[in-house]
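Inspection log for the structure reproduced underneath, given as structure tokens.
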Amino acid sequence: MATYEGLKVLLDWFKSNGGSVQPHVEFASYPDMGCGMRATSNLRSETELFSIPRSLVLSVHTSPLPKSLPDWSEISTQGWVGLILCLMYEQIDPASHWKRYLNSMPTCFDSLMFWSDDELRELQGSSVLDKIGREEAEGSYYSILVPYLSKHADIFKPLEAYSLALYHRCGSLILSRSFHVSNQDDSASDASDDDDAAYHEVETVGMVPMADVLNAKSGSANACLVYHPDALVMTTTKEIAAGEQIFNTYNDPPNADLLRRYGHVDEVNLNDNVEISADLIGCKDLERVDWLLDRLDDVYTLTQAEDLPEDFITAVKILTASKSEFRKIQKADDLPDDVLDEATAMRVREILQMRLAQYSSTIEEDESLLASSTMLTSRSRAALLVRLGEKRILAAHFARLPMPELSSREGNKRALSRKDQREERKRQRRDSS
Numbered sequence: 013m014a015t016y017e018g019l020k021v022l023l024d025w026f027k028s029n030g031g032s033v034q035p036h037v038e039f040a041s042y043p044d045m046g047c048g049m050r051a052t053s054n055l056r057s058e059t060e061l062f063s064i065p066r067s068l069v070l071s072v073h074t075s076p077l078p079k080s081l082p083d084w085s086e087i088s089t090q091g092w093v094g095l096i097l098c099l100m101y102e103q104i105d106p107a108s109h110w111k112r113y114l115n116s117m118p119t120c121f122d123s124l125m126f127w128s129d130d131e132l133r134e135l136q137g138s139s140v141l142d143k144i145g146r147e148e149a150e151g152s153y154y155s156i157l158v159p160y161l162s163k164h165a166d167i168f169k170p171l172e173a174y175s176l177a178l179y180h181r182c183g184s185l186i187l188s189r190s191f192h193v194s195n196q197d198d199s200a201s202d203a204s205d206d207d208d209a210a211y212h213e214v215e216t217v218g219m220v221p222m223a224d225v226l227n228a229k230s231g232s233a234n235a236c237l238v239y240h241p242d243a244l245v246m247t248t249t250k251e252i253a254a255g256e257q258i259f260n261t262y263n264d265p266p267n268a269d270l271l272r273r274y275g276h277v278d279e280v281n282l283n284d285n286v287e288i289s290a291d292l293i294g295c296k297d298l299e300r301v302d303w304l305l306d307r308l309d310d311v312y313t314l315t316q317a318e319d320l321p322e323d324f325i326t327a328v329k330i331l332t333a334s335k336s337e338f339r340k341i342q343k344a345d346d347l348p349d350d351v352l353d354e355a356t357a358m359r360v361r362e363i364l365q366m367r368l369a370q371y372s373s374t375i376e377e378d379e380s381l382l383a384s385s386t387m388l389t390s391r392s393r394a395a396l397l398v399r400l401g402e403k404r405i406l407a408a409h410f411a412r413l414p415m416p417e418l419s420s421r422e423g424n425k426r427a428l429s430r431k432d433q434r435e436e437r438k439r440q441r442r443d444s445s
């Protein structure tokens, strides 16, 4: 993580190159988050915190490297490799305009790219393991970057400095700290923190000094980066009391995503979610699976606050329908409704149980471990909070499902609509009070 000494170097460089920081903010250290920034006085909404000249933004457009390579297109078409290489080049070049900025950056990370296999096993069951991308990153390094570096050994000196370790470090800095920044010709607007949905838009991604000091916390954003033709300005979005940390967070990520990108989690994260793959629903009829995937996604996301996703219920109906029922659906070329009938509810119950079984521990075991977690490492505790948050969502949805005997007790097999589900939850709360 960044140190105070490193941030002092950053601040000196920042101000000497036209950046400005208002006196009502200061650097501060936070457990499990590292350095951040806090207010030193009460701030109103739309208060400027600091201003960044566009000339300080580091991207494939501002780094001199692409212009020195006539075959840059070989790299620029390879996803994130070009931007990572620009960061590596500026880090190694002693005369780089961004040298002092990059030297202020963290050199150690707790994001998942840097966890050992044993540490990652503590996340067994979480779909975040499929999103780390370590094998893909190392494949790109060896198959794309290394040959390109060797071809231009006269530029990339010393060649051995362009190591896999530095490649991972620069890639992680981009993942955790970059922003999507508009062109200078665009009108003033909000800039956005880099997110996975826009990974292909590398041309718009840049490293924004000072803005990347702010930490991210789900549901806590109180500042945003607004850009103008000549500068990017960090501005408060709500009132901030003196002493409060300033957060620049986009999309209110779940703990799994916070851990993957930033290396920390929230103690309580109301935006946690859990994914269920269509594979878990179970269907060996490839024609049916293909028909479904032409119309719906193959992954369904469950959250704490919402009912079961409509697409998930529909997918369960399609993949568990009898052959004759599916032919009717196919002939009508229309998706079945998302009403949770008894048969579908029973199958959903089984799917939720199978999804819970993918974790290596139970909710009870994790809650007991959390209650006595003083001896856990920070990474073990973070993994515990991720998997426990996901399992609690699955358990909550399981508890909301109608019990198999419910319809018999009421003497009918009526379908449970969305309204019916809400009424049933209200009834369960009344019974338990």
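If you read the sequence shown in our numbering, its first letter stands for residue 13, the second for the next number, and so on.
Positions of the beta carbon are idealized from the N, C-alpha and C atoms, including for glycine.
Predicted model only: the values in this text are computed from it and were never measured.
- Cys295 and Gly401 have their C-alpha atoms some 28 Å from each other.
- Cβ-Cβ distances below 8 Å link Arg56 to Thr248 and Glu251 in the same chain, with the five nearest sequence neighbours on each side left out; the list follows chain order.
- A contact between stretches requires three or more CB pairs, one per stretch, nearer than 8 Å, and the segment 86-103 fails this requirement with the segment 46-54.
- With 16 or more other Cβ atoms inside 10 Å of its own Cβ, Asn281 counts as buried.
- When DSSP states are grouped into helix, strand and coil, Gln370 belongs to the coil group.
- Boundaries of the beta strand (DSSP E) harbouring Ile64: Glu60 to Pro65, taken from the DSSP string.
- When secondary structure is reduced to three states using DSSP, Met387 falls in the helix class.
- In the DSSP annotation of this structure, the continuous segment of the beta strand (DSSP E) that includes Tyr312 starts and ends at Val311 to Thr315.
- Taking the CA atoms as reference points, Ala357 sits about 7 Å from Leu413.
- The shortest C-alpha to C-alpha distance from Met117 to any of Ser385, Asp350, Arg359 and Glu17 is the one to Glu17.
- The C-beta distance from Val214 to Val193 rounds to 12 Å, too long to fall under 8 Å, and the pair is not in contact.
- Ser138: not part of any alpha helix (DSSP H); DSSP gives it neither H nor E.
- Here Arg307 is not near Phe338, since their CB atoms are 8 Å or more apart.
- Straight-line measurement puts the Cα of Ser139 at about 12 Å from the Cα of Arg133.
- The DSSP-derived three-state label of Met117 is coil.
- Residues Phe121, Asp122 and Ser123 of the same chain have their beta carbon placed closer than 7 Å to that of Gly275, with the five preceding and five following residues left out of the count.
- For Tyr113, the CB contacts under 7 Å within the same chain, skipping 5 residues up- and downstream, are Leu22, Trp25 and Pro221 in chain order.
- Close CB contacts of Pro348 within its chain, under the 7 Å cut and outside five residues either way in sequence, are with Thr326, Lys329, Ile330 and Ile341 (chain order).
- In this structure Pro266 is buried. Its beta-carbon is surrounded by 16 or more other beta-carbon atoms within 10 angstroms.
- DSSP places Glu172 within a helical segment (H, G or I) once states are collapsed to three.
- Pairing Gly218 with Ile186, the inter-Cα distance amounts to about 8 Å.
- Under DSSP, Phe410 shares a beta bridge with no residue.
- Between Leu381 and Lys403, the beta carbon gap of about 12 Å keeps them out of contact (Cβ cut-off 8 Å).
- For Gln257, DSSP records a beta bridge to Arg50.
- Here the alpha carbons of Asn115 and Glu60 stand approximately 26 Å from one another.
- By the CB criterion at 8 Å, Gln34 and Tyr371 fall outside the cutoff.
- Looking at the DSSP output, Ser32 sits in a beta bridge with Ser63.
- Lys111 is the residue among Thr52, Asp269, Lys111 and Ser63 whose C-alpha sits nearest the C-alpha of Leu70.
- About 10 Å separates the beta carbon of Ser190 from that of Arg273, a gap too long to meet the 8 Å contact definition.
- Ile167 counts as exposed, since fewer than 16 other beta carbons sit within 10 angstroms of its beta carbon.
- Per DSSP, the continuous alpha helix (DSSP H) segment holding Met100 begins and ends at Val93 to Ile104.
- Secondary structure of Leu347 (DSSP, three-state): coil.
- In this model, Thr216 and Gly94 are separated by some 12 Å (Cα to Cα).
- For Tyr262, the three-state secondary structure derived from DSSP is coil.
- In the same chain as Ala243, and ignoring 5 residues on each side of it, the C-beta atoms closer than 8 Å to its own belong to Ser63, Ile64, Pro65 and Arg66, in chain order.
- Tyr239 and Val245 have their C-alpha atoms spaced approximately 6 Å apart.
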